[in-house]
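I have placed the structure first, in the form of structure tokens, so that the comments after it can refer back to it.
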Amino acid sequence: MADIPVSPLAPEAFPVVNNIPGVEFGAMATGMRYKGRLDLLLVRLCQGTQVAGVFTQNSMPAAPVEWCRQALKNSGGTGRGLVVNAGNANAFTGKAGVAAVQSTANAAAEVLGCSPDEILLASTGVIGVPLDVTPIKKALPKIVDGLSASLVRDAAEAIRTTDTYAKAASTLCEIDGKAITITGVAKGSGMIEPNMATMLGFVFTNANISSACLQAILAETNAASFNSITVDSDTSTNDTVLAFATGEAANENCITDPADPRLQGFKAKFAAVMEDLAKQIVCDGEGATKLISVTVKGAESTESARIIAKSIANSPLVKTAIAGEDPNWGRLVMAVGKSGEKANQSALSIWFGDILVATDGQVSSKYQEEDGAAYMKRSHIDLILNVGVGDACSTVWTCDLTHQYISINADYRS
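Residue numbers for the sequence shown follow my numbering, beginning at 1 and rising by one.
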């Protein structure tokens, strides 16, 4: 794979992250696909860690996705380890793929001293190529000797494929006066329109909350973060977001109700980490030069607003116009209409940021084309539309579509 330039939307530096009590990381370069870079992650979780997960809605899920779904049922939502390999998706690999996940889980369980059902797995990379687990099985005993709570960056680096930078986010809050850490890592660059691409996210906290409670929080925040991003409208076979709560904070008692008022601050911080990671994935969209937010207001329902926003965000005509810095607002009108959702043409209004472009179903008398053209030169573009049929709203994030996206996906098998 030829070197891909770091995205112009990348953060200036890897973020400051907080260690998570009860979580240790380790990574190694096995050479399974990439040379001279980390490609295998092992995470050790303390006894009693609660786990929640959301997975791809693709009807051809990869073997590790199927493994995680079953493991969470078998374990009752607890976990002791996570193994992630980059370079091979272990998807559409038949019985060999099933055997590979079982063998990997068995090997990880042996080095961590737990049941295979307490091992979560994720893979990302090329689809349809059998996964050789020999390098993984050889590496795990070596990795376990060097596990450390401080190796969050190694974790973020090890799960990359065509990503141009490692992605992480971290924050702090309190529950029952106890310090709570929330730290997450993610990967994703192409084949991104999660429907819960390849998109992986792992969020860790020391909060003392049950698996069912964590699942509810994850599902809610996932809808407004990873399920609200798109790079190329393709949903991967391997999309996985897992959340882990170690309970090491020892707040007064294990919280089982997601509506518990003690979780109000925690849920807001958890959502912020999820949104941060999701936006970083969009900013690293293959060939991206602009981060685009699409906010649809005045819709019949939140779901309707999301569908309209996705119609705009996935439109090649919209995305290429923005790549070319062309304020072609007519393409937004087209995308609203093709969504199939209810919208009032006579009440439709459009803004580029604070610039009113169209109102009451026609171009605004105050709009100047040169203002729109100047706005399109920004690296962060906010498209706001009011479709005039209700009070619901939704925001979706995407990126522009450039020649570089074609080059990456034509020249490199991913």
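Virtual Cβ for every residue (Gly too), placed ideally from N, Cα, C.
Exercise. Taking just the CA atoms, how far does L82 sit from N222?
Worked result: Answer to the nearest angstrom: the Cα atoms are 20 Å apart.
Exercise. Going straight from the alpha carbon of A197 to that of T237, what length do you get?
Worked result: Bear in mind that the predicted position of A197 carries a pLDDT of just 39, short of 50, making it unreliable; the figure below should be weighed with that in mind. A197 and T237: Cα-Cα distance of roughly 8 Å.
For this session: Label S148 either buried or exposed according to how many other C-beta atoms from any shown protein chain fall within 10 Å of its C-beta, with 16 as the threshold for buried.
Result: By the 10 Å Cβ count, S148 comes out exposed.
For this session: Apply the 10 Å Cβ neighbour rule to T134 and answer buried if 16 or more other Cβ atoms are within range, or exposed otherwise.
Result: With fewer than 16 other Cβ atoms within 10 Å, it is exposed.
Problem set entry | Contiguous alpha helix (DSSP H) assignments of at least 4 residues, all confined to the segment 83–169 | The qualifying runs are 94–112, 134–144 and 152–158.
Exercise. Taking all protein chains shown into account, do 16 or more other C-beta atoms lie within 10 angstroms of the C-beta of L121, making it buried, or fewer, making it exposed?
Worked result: By the Cβ neighbour-count rule, L121 is buried, with 16 or more other Cβ atoms within 10 Å of its own.
For this session: Have a look at E325, D400, A374 and I308 and flag the residue whose alpha-carbon is nearest the alpha-carbon of G388.
Result: Closest option to G388, Cα to Cα, is I308.
For this session: Starting from the C-beta of L200, find all residues in its chain whose C-beta is less than 8 Å away, skip the five residues before and the five after it, and write them out in chain order.
Result: Exclusion of the five residues before and after L200 leaves V84, A122, T124, I159, A186, K187, G188, N238, D239, T240 and V241 as the residues of its chain whose Cβ lies within less than 8 Å of its Cβ.
Problem set entry | Own chain residues within Cβ distance below 6 Å of P194, not counting five before or after | For P194, the predicted model reports a pLDDT of 46, less than 50, meaning its position is unreliable and no value from the coordinates is stated.
Problem set entry | Those residues which DSSP pairs with H380 across a bridge | Per DSSP, the beta bridge partners of H380 are L291.
Problem set entry | Separation of R331 from D117, as counted between CA atoms | Their backbone Cα atoms lie some 49 Å apart in a straight line.
Exercise. If we count the other Cβ atoms within 10 Å of its Cβ and call it buried at 16 or more, is L131 buried or exposed?
Worked result: It is buried - the Cβ of L131 has at least 16 other Cβ atoms within 10 Å.
For this session: Tell me I180's beta-bridge partners as DSSP assigns them.
Result: As a beta-bridge residue in DSSP terms, I180 pairs with C173.
Exercise. Buried or exposed: L40, going by 16 or more other Cβ atoms within 10 Å of its Cβ?
Worked result: When all chains shown are included, L40 counts as buried.
For this session: Out of L214, A219 and A321, state which residue places its alpha-carbon closest to the alpha-carbon of C254.
Result: If we check each option's Cα against that of C254, L214 comes out closest.
Problem set entry | Cα-Cα separation, S339 to R37 | Distance between S339 and R37, taken at the CA atoms: about 42 Å.
Exercise. Would you report the Cα separation of A410 and R33, rounded to the nearest angstrom?
Worked result: Each residue's Cα considered, the two are about 18 Å apart.
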